[in-house]
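To keep things clear, I will list the structure first and then write my remarks on it.
There are 2 protein chains.
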Amino acid sequence: MPITPKILDNPKSDRVRRITDLARAKGRERSGRFLIEGPQSVREAVTWRPDVVQDLYVEVAQALDHPRIVSSTLERIVEASQDATIYVHQCTGDVIRRISADAQGILAVGNAQAMQSDVDDLALDTADYAPRIAAFWQVRDPGNAGTVIRAADAAGCDAVIFVDDCVDVLNPKVIRSTAGSLFHLPVFTMRTNEFFDWTSDHHVDVWAADVYGTEKRKPESLPAVLADKAAVSMSQAVLFGNEARGLEPEILERCGRIVSIPLYGKAESLNLGTSAAVMLMSLAMSGHIERM
Amino acid sequence: MPITPKILDNPKSDRVRRITDLARAKGRERSGRFLIEGPQSVREAVTWRPDVVQDLYVEVAQALDHPRIVSSTLERIVEASQDATIYVHQCTGDVIRRISADAQGILAVGNAQAMQSDVDDLALDTADYAPRIAAFWQVRDPGNAGTVIRAADAAGCDAVIFVDDCVDVLNPKVIRSTAGSLFHLPVFTMRTNEFFDWTSDHHVDVWAADVYGTEKRKPESLPAVLADKAAVSMSQAVLFGNEARGLEPEILERCGRIVSIPLYGKAESLNLGTSAAVMLMSLAMSGHIERM
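Here the protein sequences line up with chains A and B, keeping their order. The first sequence begins at 866 in this note's numbering and counts up one residue at a time. The second sequence begins at 866 in this note's numbering and counts up one residue at a time.
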């Protein structure tokens, strides 16, 4: 699609101010748009969700007689965007850097509405395999939220669900931390009751990832659960808690199993991102060993 | 041991400047000391390696008639330090904050020489189980270096070896990122040849963690390796590569196996810290399932 001939060269223009504003929740709410920063995220968005991307901003430098995109990496991303209805705007380095310190020469603006997947489109009941969902309750840190989406993607999860008050998925730091994975699998947001109703309606067992359990129910150890091949091969939503407080007892009581990652050395804990990667990848690999 | 009665209250004093200087490599080299910041790291150092800790700096506030340590968490750390020969210095908040923005009220100064473990003290040959070692080649990012030490600790590894040019283990950011694990298991530094000679001398098989392998040797998938229980139960050093470049072909050729973590979704990669956690924890859990 069209590459606008004019070069955006005024870092103080209204357009630049409006895009910069997408780093803040207010700016995103007001405009219904969000910011995608840097070559990896923009490339994955253009490749997997071109329907979401509206505008692309790329750094050019003045060559002998015409402006040129500053690197072949960025050129390839712009080329890939040409099959879709994405407007490409050439910008000076000053403009790109004014919008974001994390752009590395390229930015995109996406449509927030288009990122809202409908949870009923997840065809869980008709899948010819047992779907697995990664769910996160009250994740507050943007870096953690991005990291767990990336881990869920690597483990081949069918979807991510952010339950209750979590950080905004379209926060630029979340998107950067997903390393493109935000555009690889659907990410839903639900209230706590909605989550348990939905999993129950779809016969998805909820497993809490939790170190402590409740007074009445101590957690099972992950290796013991992995050895239970029948259980692992069923459909699950693995629910992880808040980075500081874990999962509340009332939440744990509603889960089918409580599973903890054993610590073999003297370390007291793993952080949320590492816990999610270890548990989701172990479940995925365990299922895979069975199919070999 | 002694709590110095005088309160350090001058952020510009020579003593404060010398401690602050330990954040830089030059300052550590010159003095042979290093900095431990924050309650978690200081507590683990005092608990597991009191022989290493020389001085403890803790924030006090002036109460009615005498200075008081500002929180019960910090008080407990100071109490724990009293069994060892550790000098405790009371400081104003200004002094603590001048030394480090990451102190949260407590700092310690350690003896770098005392942290140098002798690799011959690792009694691998006489262990009644197969020891596992986590090795990292040319890790350059302090956050990554800390994260992988923490992962190795959680997986119950017997030691960490940093091979070839890696970041200084006593860099404060490395120590913070280990979340105390630096004081839980020995961390050695070796040149590449020294590492392969040492593993060979001690009948420790070296497994490369690598996605690509070489032209002649494609990597085996981790789940397939986990299914080979006899192999998993032997003694290994798992060697991870540089965060950007992985392992060089010449290094891969010297390894007994090349193992890759499968990616089931569309994610292109896992970062070094996550890869280390997934692989080391999987091997640990796999060994544990066998013993159940």
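Glycine included, each C-beta is placed from N, C-alpha and C at the ideal position.
Beta-bridge partners of residue i, as assigned by DSSP
{"i": "residue 1060 of chain A", "result": "None; residue 1060 of chain A has no bridge partner."}
{"i": "residue 1101 of chain A", "result": "A/997, A/1070"}
{"i": "residue 956 of chain B", "result": "B/873, B/924"}
{"i": "residue 972 of chain A", "result": "A/902, A/922"}
{"i": "residue 1024 of chain B", "result": "B/998"}
{"i": "residue 868 of chain A", "result": "A/953"}
{"i": "residue 1111 of chain B", "result": "B/1107"}
Short Cβ contact (9 Å threshold) for residue i with residue j
{"i": "residue 1046 of chain A", "j": "residue 1019 of chain A", "result": "yes"}
{"i": "residue 870 of chain A", "j": "residue 955 of chain A", "result": "yes"}
{"i": "residue 1044 of chain A", "j": "residue 906 of chain A", "result": "yes"}
{"i": "residue 945 of chain A", "j": "residue 1102 of chain A", "result": "no"}
{"i": "residue 1033 of chain B", "j": "residue 893 of chain B", "result": "yes"}
{"i": "residue 1031 of chain B", "j": "residue 1004 of chain B", "result": "yes"}
{"i": "residue 1114 of chain A", "j": "residue 1064 of chain A", "result": "no"}
{"i": "residue 914 of chain A", "j": "residue 1048 of chain A", "result": "yes"}
{"i": "residue 933 of chain B", "j": "residue 876 of chain B", "result": "no"}
{"i": "residue 884 of chain A", "j": "residue 974 of chain A", "result": "yes"}
{"i": "residue 1069 of chain A", "j": "residue 1098 of chain A", "result": "no"}
{"i": "residue 1162 of chain B", "j": "residue 987 of chain B", "result": "Nothing can be reported for residue 1162 of chain B: it is not among the residues displayed for chain B, which extend from 866 to 1157."}
{"i": "residue 1006 of chain A", "j": "residue 1137 of chain A", "result": "yes"}
{"i": "residue 832 of chain B", "j": "residue 923 of chain B", "result": "With chain B covering 866 to 1157 only, the question about residue 832 of chain B has no answer from this structure."}
{"i": "residue 1011 of chain B", "j": "residue 1040 of chain B", "result": "yes"}
{"i": "residue 1126 of chain A", "j": "residue 1076 of chain A", "result": "yes"}
{"i": "residue 903 of chain B", "j": "residue 967 of chain B", "result": "yes"}
DSSP-derived helix/strand/coil call for residue i
{"i": "residue 1153 of chain B", "result": "helix"}
{"i": "residue 1073 of chain B", "result": "strand"}
{"i": "residue 1139 of chain B", "result": "helix"}
{"i": "residue 1119 of chain A", "result": "coil"}
{"i": "residue 1126 of chain B", "result": "coil"}
{"i": "residue 916 of chain B", "result": "coil"}
{"i": "residue 1085 of chain A", "result": "strand"}
{"i": "residue 1032 of chain B", "result": "coil"}
{"i": "residue 1106 of chain A", "result": "coil"}
{"i": "residue 984 of chain B", "result": "helix"}
{"i": "residue 1158 of chain A", "result": "Summary: the structure shown does not reach residue 1158 of chain A, with chain A confined to residues 866 through 1157, and so no result is reported for it."}
{"i": "residue 1078 of chain A", "result": "coil"}
{"i": "residue 889 of chain B", "result": "coil"}
{"i": "residue 940 of chain B", "result": "helix"}
{"i": "residue 1046 of chain A", "result": "helix"}
{"i": "residue 946 of chain B", "result": "helix"}
{"i": "residue 961 of chain B", "result": "helix"}
{"i": "residue 1134 of chain A", "result": "coil"}
{"i": "residue 1090 of chain B", "result": "helix"}
{"i": "residue 989 of chain A", "result": "coil"}
{"i": "residue 1175 of chain B", "result": "Absent from the structure is residue 1175 of chain B, since the part of chain B shown begins at 866 and ends at 1157."}
Partner residues on chain A for residue i, Cβ-Cβ distance less than 7 Å
{"i": "residue 1015 of chain B", "result": "1132"}
{"i": "residue 957 of chain B", "result": "Per Cβ cutoff of 7 Å: no residues; residue 957 of chain B is ~29 Å from chain A at best."}
Within chain B, partners of residue i - CB distance below 8 Å
{"i": "residue 1129 of chain A", "result": "1019, 1020, 1021, 1149, 1153"}
{"i": "residue 1146 of chain A", "result": "1126, 1143, 1147"}
{"i": "residue 1046 of chain A", "result": "1130, 1131, 1132"}
{"i": "residue 1079 of chain A", "result": "Ordered by position in chain B, no residue passes the 8 Å Cβ test against residue 1079 of chain A, which lies about 24 Å from the chain."}
{"i": "residue 1064 of chain A", "result": "Correct list: empty, because the minimum Cβ distance to chain B is about 20 Å."}
Span of the alpha helix (DSSP H), counted from its first residue to its last, around residue i
{"i": "residue 906 of chain B", "result": "904 to 913"}
{"i": "residue 978 of chain B", "result": "977 to 980"}
{"i": "residue 1040 of chain B", "result": "1037 to 1043"}
{"i": "residue 1015 of chain B", "result": "1007 to 1019"}
Chain-ordered chain B contacts of residue i [CB-CB under 9 Å]
{"i": "residue 1135 of chain A", "result": "1015, 1016, 1019, 1142, 1146"}
{"i": "residue 938 of chain A", "result": "What residue 938 of chain A touches in chain B: nothing, since even the nearest Cβ is about 14 Å away."}
Cross-chain neighbours of residue i in chain A, by beta carbon under 9 Å
{"i": "residue 989 of chain B", "result": "Within chain A, no residue comes near residue 989 of chain B; the closest Cβ sits about 17 Å away, beyond 9 Å."}
{"i": "residue 1049 of chain B", "result": "1130, 1131, 1132"}
{"i": "residue 950 of chain B", "result": "Ordered by position in chain A, no residue passes the 9 Å Cβ test against residue 950 of chain B, which lies about 23 Å from the chain."}
{"i": "residue 869 of chain B", "result": "Ordered by position in chain A, no residue passes the 9 Å Cβ test against residue 869 of chain B, which lies about 30 Å from the chain."}
Limits of the unbroken beta strand (DSSP E) element including residue i
{"i": "residue 932 of chain B", "result": "932 to 934"}
{"i": "residue 881 of chain A", "result": "Premise fails: residue 881 of chain A lies in the alpha helix (DSSP H), 879 to 885, not in any beta strand (DSSP E)."}
{"i": "residue 1054 of chain A", "result": "1052 to 1055"}
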